[in-house]
Amino acid sequence: MGGSALAGSIASDWLGSRLLVPFEVVRGSNLPGYVNHSTLVIVSSYSGNTEETLLAFVQATRLNARVITITRDGELTELSRNAGIISLQLPDISQPRLAVFAGLKALTCILEDTKLVNGGDLRRELEDTADYLDTQKLRWGTDKQGGNQAKDLASHLHTKPGIIYASPLLKSASYKWKIDINENAKQMAFCDVFSELNHNEMQGWLETNEVEYASIVLCTSFEDSSMQKRIDITAKLLEKYGYEPKAVTASGSNHIQQLLETVLLGDYVSAYLAILNGIDPTPVKLVEQFK
Numbered sequence: 003m004g005g006s007a008l009a010g011s012i013a014s015d016w017l018g019s020r021l022l023v024p025f026e027v028v029r030g031s032n033l034p035g036y037v038n039h040s041t042l043v044i045v046s047s048y049s050g051n052t053e054e055t056l057l058a059f060v061q062a063t064r065l066n067a068r069v070i071t072i073t074r075d076g077e078l079t080e081l082s083r084n085a086g087i088i089s090l091q092l093p094d095i096s097q098p099r100l101a102v103f104a105g106l107k108a109l110t111c112i113l114e115d116t117k118l119v120n121g122g123d124l125r126r127e128l129e130d131t132a133d134y135l136d137t138q139k140l141r142w143g144t145d146k147q148g149g150n151q152a153k154d155l156a157s158h159l160h161t162k163p164g165i166i167y168a169s170p171l172l173k174s175a176s177y178k179w180k181i182d183i184n185e186n187a188k189q190m191a192f193c194d195v196f197s198e199l200n201h202n203e204m205q206g207w208l209e210t211n212e213v214e215y216a217s218i219v220l221c222t223s224f225e226d227s228s229m230q231k232r233i234d235i236t237a238k239l240l241e242k243y244g245y246e247p248k249a250v251t252a253s254g255s256n257h258i259q260q261l262l263e264t265v266l267l268g269d270y271v272s273a274y275l276a277i278l279n280g281i282d283p284t285p286v287k288l289v290e291q292f293k
């Protein structure tokens, strides 16, 4: 659930064509009916106390599935220990949404060690990506004044509901942008993916009730001509209805670099947006009250 499920979504975008078995991210307490003794169920909860995740864990063990857990602490750690189940421990970080990269590394190690992914050294790919991100984040830090893309995008989103559209290669990144804006900046945001949005959501721009939205389109440099054409035609058709998106095109040398670069940029954007909104980005009081 929430930030703890993001690693699964990112892994699905990154490794989808390389996975040797079906891979499904479950955001809830009920596992699919196909789960049985031959299914690997990876149960992830940063706090270790998420109700839906704990219920899914119990269900998985009752179905005699192969279970591995990813958590920082909490009841999930205790349940894993009592059941003799392997549990990968995450570092101590203030909020689950900030532990996404650590969760992705843990999940990647599981998928690689269980030989469920075809080709490549996944650990090395992540290490190289980490080195790349170390250089990229210099472009968005507080010391970077002129030409700071993260600050410019935060200003674009300030005081307006955000609409984050993305190509399928960056589907999980668009969702991360949405929840970062929700949780860090305490501001409304929505996301969707090309070309699914061309079959439904784009129609909604005809009646926006004079609400001014701030739209952003996330793309890789690897988009094929048909996808780029859809993105361009969408902008042309919707321009007169207030759709004036800021384009964000990643620049890494491969898919995982561009995917995580886009995710990290969204972290910076939402933090700067929180500053513009005059609020602390860390606490999520309503979420905690609900729990």
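Residue numbering for the sequence shown follows our numbering, beginning at 3 and increasing consecutively.
All C-beta atoms, glycine included, are put in the ideal place defined by N, C-alpha and C.
Per the DSSP secondary-structure output, S89 pairs in a beta bridge with T71.
For V271, the secondary structure class from DSSP, reduced to helix, strand or coil, is helix.
Your pair A108 and L124 does not check out as a contact, with CB atoms roughly 12 Å apart and the cut at 8 Å. For Y36, the number of other beta carbons within 10 angstroms of its own is below 16, and it is reported as exposed.
By the 16-neighbour rule on beta-carbons within 10 angstroms, R74 is buried. K188 sits in coil when the DSSP states are folded into three classes, being neither helix nor strand. Assigned with DSSP and collapsed to three states, D123 falls in coil, not helix or strand. Each of S11, D234, M3, L239 was checked against the Cα of L262, and the nearest Cα belongs to S11. The Cβ-Cβ distance between L171 and T222 falls below 8 Å. Selection V43, S49, L22 evaluated against E290 yields S49 as nearest (Cα-Cα).
Its chain contains M3, E54, A58 as the residues whose beta carbon lies nearer than 8 Å to that of G30, once the 5 sequence neighbours on both sides are disregarded; these appear in chain order. Close CB contacts of P283 within its chain, under the 6 Å cut and outside five residues either way in sequence, are with N186, A273, A276 (chain order). For V213, the closest C-alpha among the options W16, M190, Y270 is that of M190.
With 16 or more neighbouring CB atoms inside 10 Å of its own CB, I70 falls in the buried class. Contact between L135 and L266 is confirmed by a C-beta separation of about 6 Å, below the 8 Å threshold. Linking K238 to T264 through their CA atoms gives a straight-line distance of about 24 Å. Proximity of the stretch 158–172 to the stretch 127–141 falls short of the contact definition, fewer than three beta-carbon pairs being nearer than 8 Å. Nearest neighbour of A175 by Cα position, chosen from I258, C111, S40, I44, turns out to be I258. In the three-state reduction of the DSSP assignment, D15 falls in the helix class, which pools H, G and I. By the Cβ neighbour-count rule, I218 is buried, with 16 or more other Cβ atoms within 10 Å of its own.
Scanning its chain for C-beta atoms nearer than 7 Å, with the 5 sequence neighbours on each side dropped, one finds around K248 the residues L155, H158, I218, in chain order. Taking the C-beta atoms as reference points, R20 is found no nearer than 8 Å to V102. G254 is not a Cβ neighbour of T210, given a cutoff of 8 Å. The criterion of a C-beta distance shorter than 8 Å is not satisfied by K178 and F192.
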